[in-house]
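**Student:** I'd like to ask you about the structure that follows.
2 protein chains.
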Amino acid sequence: MSRPVRVAAVGLGRWANVLADAYTRSSEVELVSCFSRSQGKRDAFADRYGCAQDGSLEALLARDDVEGVVVTVPNDHHADVIEQAAAAGKHAFVEKPIAVSLVDARRIERAVAAADVVFSCGHSARRLGGLRKIKALMDSGEIGDVSVIEAVFANERGLQIEPGNWRGDPEKAPGGPLTQLGIHQIDNLQYLLGPVRRVATFGKPMYTRVENDTVNVTLLEFESGQMAYLGTNWACPGVFSINVYGTTADLFYQLDFSWWSNSDVTDEHSTLTKRAFARATDDPDDFELTDVAVEVPRVDHLRDEVEEFARTVRGETAAEVDAQVATRNVAVMLAAVRSSREGRMVDVAELLS
Amino acid sequence: MSRPVRVAAVGLGRWANVLADAYTRSSEVELVSCFSRSQGKRDAFADRYGCAQDGSLEALLARDDVEGVVVTVPNDHHADVIEQAAAAGKHAFVEKPIAVSLVDARRIERAVAAADVVFSCGHSARRLGGLRKIKALMDSGEIGDVSVIEAVFANERGLQIEPGNWRGDPEKAPGGPLTQLGIHQIDNLQYLLGPVRRVATFGKPMYTRVENDTVNVTLLEFESGQMAYLGTNWACPGVFSINVYGTTADLFYQLDFSWWSNSDVTDEHSTLTKRAFARATDDPDDFELTDVAVEVPRVDHLRDEVEEFARTVRGETAAEVDAQVATRNVAVMLAAVRSSREGRMVDVAELLS
Numbered sequence: 068m069s070r071p072v073r074v075a076a077v078g079l080g081r082w083a084n085v086l087a088d089a090y091t092r093s094s095e096v097e098l099v100s101c102f103s104r105s106q107g108k109r110d111a112f113a114d115r116y117g118c119a120q121d122g123s124l125e126a127l128l129a130r131d132d133v134e135g136v137v138v139t140v141p142n143d144h145h146a147d148v149i150e151q152a153a154a155a156g157k158h159a160f161v162e163k164p165i166a167v168s169l170v171d172a173r174r175i176e177r178a179v180a181a182a183d184v185v186f187s188c189g190h191s192a193r194r195l196g197g198l199r200k201i202k203a204l205m206d207s208g209e210i211g212d213v214s215v216i217e218a219v220f221a222n223e224r225g226l227q228i229e230p231g232n233w234r235g236d237p238e239k240a241p242g243g244p245l246t247q248l249g250i251h252q253i254d255n256l257q258y259l260l261g262p263v264r265r266v267a268t269f270g271k272p273m274y275t276r277v278e279n280d281t282v283n284v285t286l287l288e289f290e291s292g293q294m295a296y297l298g299t300n301w302a303c304p305g306v307f308s309i310n311v312y313g314t315t316a317d318l319f320y321q322l323d324f325s326w327w328s329n330s331d332v333t334d335e336h337s338t339l340t341k342r343a344f345a346r347a348t349d350d351p352d353d354f355e356l357t358d359v360a361v362e363v364p365r366v367d368h369l370r371d372e373v374e375e376f377a378r379t380v381r382g383e384t385a386a387e388v389d390a391q392v393a394t395r396n397v398a399v400m401l402a403a404v405r406s407s408r409e410g411r412m413v414d415v416a417e418l419l420s
Numbered sequence: 068m069s070r071p072v073r074v075a076a077v078g079l080g081r082w083a084n085v086l087a088d089a090y091t092r093s094s095e096v097e098l099v100s101c102f103s104r105s106q107g108k109r110d111a112f113a114d115r116y117g118c119a120q121d122g123s124l125e126a127l128l129a130r131d132d133v134e135g136v137v138v139t140v141p142n143d144h145h146a147d148v149i150e151q152a153a154a155a156g157k158h159a160f161v162e163k164p165i166a167v168s169l170v171d172a173r174r175i176e177r178a179v180a181a182a183d184v185v186f187s188c189g190h191s192a193r194r195l196g197g198l199r200k201i202k203a204l205m206d207s208g209e210i211g212d213v214s215v216i217e218a219v220f221a222n223e224r225g226l227q228i229e230p231g232n233w234r235g236d237p238e239k240a241p242g243g244p245l246t247q248l249g250i251h252q253i254d255n256l257q258y259l260l261g262p263v264r265r266v267a268t269f270g271k272p273m274y275t276r277v278e279n280d281t282v283n284v285t286l287l288e289f290e291s292g293q294m295a296y297l298g299t300n301w302a303c304p305g306v307f308s309i310n311v312y313g314t315t316a317d318l319f320y321q322l323d324f325s326w327w328s329n330s331d332v333t334d335e336h337s338t339l340t341k342r343a344f345a346r347a348t349d350d351p352d353d354f355e356l357t358d359v360a361v362e363v364p365r366v367d368h369l370r371d372e373v374e375e376f377a378r379t380v381r382g383e384t385a386a387e388v389d390a391q392v393a394t395r396n397v398a399v400m401l402a403a404v405r406s407s408r409e410g411r412m413v414d415v416a417e418l419l420s
């Protein structure tokens with residue numbers, strides 16, 4: 068690539084730092100400025116990464132040396148910020164989910180299309196080495212025809228939420244872990260199996276002091292006819308797992324999520340196991356299964372997603388998770404929330420129409 | 068125990084042999100006779116186990132030296148055989164499921180109650196060392212409060228079913244693997260979490276030549292408010308797993324089901340792992356999880372269930388899986404089949420009323 072894409076960070080919370088740690092390792096991206104309403108956060112971020120800072124979003128977007136923004140403001144502010152950025156001709160990378168309402172997601176779709184700027188949403192989980200390997204094994208036919216995938220994402224967050232925290236608010240985090248954790252696995256599942264057609268969800272607050280759901284279980288049926296289970300849980304020690312059931316082999320993927328933010332080594336803390344027949348006969352009592360470790364390629368998932376954004380800005384590739392893909396993830400998530408609240412199976416088309 | 072309980076085997080297919088291998092190892096049970104319509108099977112069974120044989124069910128039930136019957140005839144004949152046995156004053160042990168219809172299950176409940184004979188259903192899976200250990204860990208509070216359990220039972224059976232086989236018939240095996248495999252895990256789930264209140268199921272024929280479902284995914288909500296997922300699959304290499312999510316620890320149980328019929332060593336082919344915090348802080352980036360192997364006690368699950376039946380006949384204990392418990396498993400299974408067929412969430416009470 069000729070020259071790095073110059074970006075500015077908008078929103079300077081914890082995640083802005085985790086992301087910047089990753090993309091400042093890249094020669095394809097150059098961090099030039101930052102903005103947050105908090106002077107303290109601006110000072111700390113500018114100091115830590117050696118970039119400039121701007122006193123307002125307007126000032127940042129008026130800079131000629133900023134080509135794109137890396138947005139990590141709260142989910143319900145994404146649409147406002149991206150509309151402004153697009154209107155100023157800036158490309159936009161935003162942390163997942165694209166939004167927590169389809170109204171907001173559609174505002175973003177329209178804004179980036181109208182301004183003809185690049186948009187990419189940070190669903191980094193599909194970029195993990197394990198996910199790339201699972202996709203490759205499925206595409207190659209090596210595990211036969213896949214019937215079901217089970218995906219779980221869980222941590223202890225719900226046990227600690229203080230009343231008043233936005234995570235405990237059913238409007239700001241609909242479905243609790245379904246929004247905050249599930250959106251990652253929903254993207255993974257649609258990445259692996261295509262668009263979801265229908266969902267069924269049970270969810271509720273459990274072992275928590277807030278009113279919002281902290282535990283949900285969801286079934287998904289895909290347009291392909293394949294099926295999936297999604298477990299999202301804020302009431303237990305952390306789990307990030309994906310099981311794939313194919314006609315000739317099963318795959319079991321486990322990631323130690325405590326290494327998620329250290330994206331250069333995340334994959335080193337994952338395992339992928341393939342189960343197949345060592346010996347099969349017509350006698351149901353006479354067969355043997357064997358579990359074999361599959362090597363997981365190493366990908367810096369957070370650096371990778373911002374580098375892809377930069378290459379898309381330069382016209383060298385297309386965004387893998389564009390506004391349409393990211394919106395479809397939100398639609399599935401909101402269909403699951405509706406299913407749980409209304410006690411019925413819900414077609415995703417109902418949300419999209 | 069004073070003297071062994073004298074039993075006769077009714078139905079002499081593959082499973083009658085697997086069971087007899089187990090209970091003839093016991094000093095609490097004595098196999099005295101057997102019956103099947105097939106002369107060849109009678110000869111082979113009597114020869115293999117050194118017992119007598121009878122030419123009709125009536126003749127067998129008329130024997131004074133038979134106290135109880137071990138029934139392994141096809142599921143839809145259970146009620147006929149047990150009604151006759153109970154009327155003859157014989158105690159009855161029957162392989163799971165108690166029946167494939169609630170009408171049949173209720174006939175059995177009434178027959179054994181009216182005759183005041185002992186009845187026990189062979190849900191041996193809950194007797195596995197791993198299941199007993201999971202229950203003990205839950206009861207002791209050692210894993211905190213449980214929110215969700217995931218149970219999977221899968222094998223490749225659906226890929227091989229010939230058209231015309233009863234397993235491919237939606238009436239004889241409703242839901243396919245949901246009846247044949249799922250019933251084990253439904254019993255395990257109700258053993259661990261109590262009665263199921265509501266289910267949601269997606270199921271369909273996949274990668275098979277028969278019309279019956281070969282793959283299903285099910286959500287269960289319990290009267291306790293806890294939730295579960297059940298995956299039942301006839302289209303992949305074998306899996307038997309149970310994951311338990313507690314507020315202070317997760318449990319992961321895996322069994323190599325190819326050892327299921329060798330019930331004296333089944334537990335040796337299982338693993339139970341406990342995941343807990345090695346170190347936790349308020350910082351979401353600063354914690355450590357640790358996985359520890361938990362020792363699985365050794366139980367001969369098939370011998371254990373028939374020995375318990377014998378001790379119940381002697382009045383020394385009560386049947387753990389009596390007609391009511393077994394019927395409740397069938398109700399959940401049929402609620403799941405109805406949910407899948409009608410595309411809606413189904414309350415188990417709907418089936419039981």
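So the sequences go chain by chain: E and U.
Just so you know, the first sequence maps onto residues 68 to 420 in this note's numbering.
Just so you know, the second sequence maps onto residues 68 to 420 in this note's numbering.
The beta-carbon is built from N, C-alpha and C at its ideal position, and this holds for glycine as well.
Being a predicted model, the structure only gives us computed values, none of them experimental.
1) Quick one: grab the DSSP three-state call for V219 of chain E.
2) Quick one: what's M294 of chain U bridged to in DSSP?
3) Looking at the secondary structure, which residues open and close the beta strand (DSSP E) in which V271 of chain E lies?
4) What residue range is occupied by the uninterrupted alpha helix (DSSP H) comprising S406 of chain U?
5) Using a 10 Å radius around the Cβ and a threshold of 16 neighbouring Cβ atoms, would you call D171 of chain U buried or exposed?
6) Of all the residues that make up the stretch 313-332 of chain E, which are near chain U by a beta-carbon distance shorter than 7 Å?
7) Just by C-beta distance, which residues in the stretch 198-229 of chain E are closer than 7 Å to chain U?
8) Assuming the contact rule is C-beta atoms closer than 8 Å, G197 of chain U and Y320 of chain U should be a hit. Round their C-beta distance to whole Å, please.
9) Cβ of E162 of chain U less than 8 Å from any chain E Cβ?
10) Note down, in chain order, all residues in the stretch 240-252 of chain E with a beta-carbon under 8 Å from any beta-carbon belonging to chain U.
11) Could you spell out where the beta strand (DSSP E) holding F307 of chain U opens and where it closes?
12) With DSSP as the reference, identify every bridge partner of A76 of chain E, one or two as the case may be.
13) Taking 8 Å as the CB-CB cut-off, is M294 of chain U touching chain E?
14) Where does E414 of chain U fall in DSSP's three states?
15) Classify T353 of chain E as buried or exposed, calling it buried when 16 or more other Cβ atoms lie within 10 Å of its own Cβ.
16) Under 8 Å, do Q257 of chain E and N84 of chain E count as touching if we go by C-beta distance?
17) Should L356 of chain U be flagged as near chain E, meaning a C-beta pair shorter than 8 Å?
18) Any idea which residues DSSP pairs H158 of chain U with across the strands?
19) Hey, would you say A221 of chain E sits closer than 8 Å to G107 of chain E, going by beta carbons?
20) Rounded to whole angstroms, what's the CA-CA distance from P262 of chain E to E290 of chain E? Just pull it up for me.
21) If contact means a Cβ-Cβ distance below 7 Å, which residues of the stretch 273-285 of chain E contact chain U?
22) Compare the Cα-Cα distances from E335 of chain E to each of E:K239, E:P364, E:T268 and report the closest residue.
23) Which residue marks the beginning of the alpha helix (DSSP H) containing T340 of chain U, and which one marks its end?
24) Check this for me: beta carbons of M412 of chain E and A302 of chain E, under 8 Å apart or not?
25) Given that E335 of chain U touches chain E, what residues does it touch there, using C-beta distances under 9 Å?
26) Any idea which residues DSSP pairs D317 of chain U with across the strands?
27) Could you work out which residues of chain U lie near V306 of chain E, taking near to mean beta carbons separated by less than 7 Å?
28) Scan the stretch 108-133 of chain U for residues whose Cβ lies nearer than 8 Å to a Cβ of chain E and list them as they occur along the chain.
29) So S187 of chain U is in the alpha helix (DSSP H); what residue range does that whole segment cover?
30) Assuming V373 of chain E is part of the alpha helix (DSSP H), what are its boundary residues?
31) Have a look at E:Q293, E:V311, E:A76, E:R408 and flag the residue whose alpha-carbon is nearest the alpha-carbon of R115 of chain E.
32) Can the beta-carbon of K157 of chain U be found closer than 8 Å to that of L204 of chain U?
33) Taking C-alpha atoms, which residue in U:V219, U:S214, U:S123, U:D358 lies nearest to S308 of chain U?
34) Three-state secondary structure (DSSP) at V170 of chain E?
35) Ends of the alpha helix (DSSP H) at E125 of chain E?
36) Within 10 angstroms of its Cβ, does Q120 of chain U collect 16 or more other Cβ (buried), or is it exposed?
**Tutor:** Let's see:
1) strand
2) U:V215, U:E288
3) In the sequence as presented, Val is not what sits at residue 271 of chain E; that position holds Lys. First-last of the beta strand (DSSP E) with K271 of chain E: 263-271.
4) 390-409
5) buried
6) G313, T314, A316, D317, D323, S325, S328
7) D212, S214, V215, E217, A221, L226
8) 5 Å
9) no
10) none
11) 306-313
12) E:C101, E:V137
13) yes
14) Sequence inspection shows Asp at residue 414 of chain U; the Glu mentioned does not correspond to that position. Note: D414 of chain U maps to strand in three-state DSSP.
15) First, the amino acid is wrong: residue 353 of chain E is Asp here, not Thr. Result: exposed.
16) no
17) yes
18) U:G135
19) no
20) 6 Å
21) M273, Y274, V282, V284
22) E:P364
23) Segment 337-346 is the beta strand (DSSP E) holding T340 of chain U; no alpha helix (DSSP H) there.
24) no
25) The contacting residues do not exist; E335 of chain U stays about 15 Å from chain E at best.
26) U:Y312, U:R342
27) D317
28) none
29) First-last for S187 of chain U: 186-189, but that is the beta strand (DSSP E), not the alpha helix (DSSP H).
30) 368-380
31) E:A76
32) no
33) U:V219
34) helix
35) 124-129
36) buried
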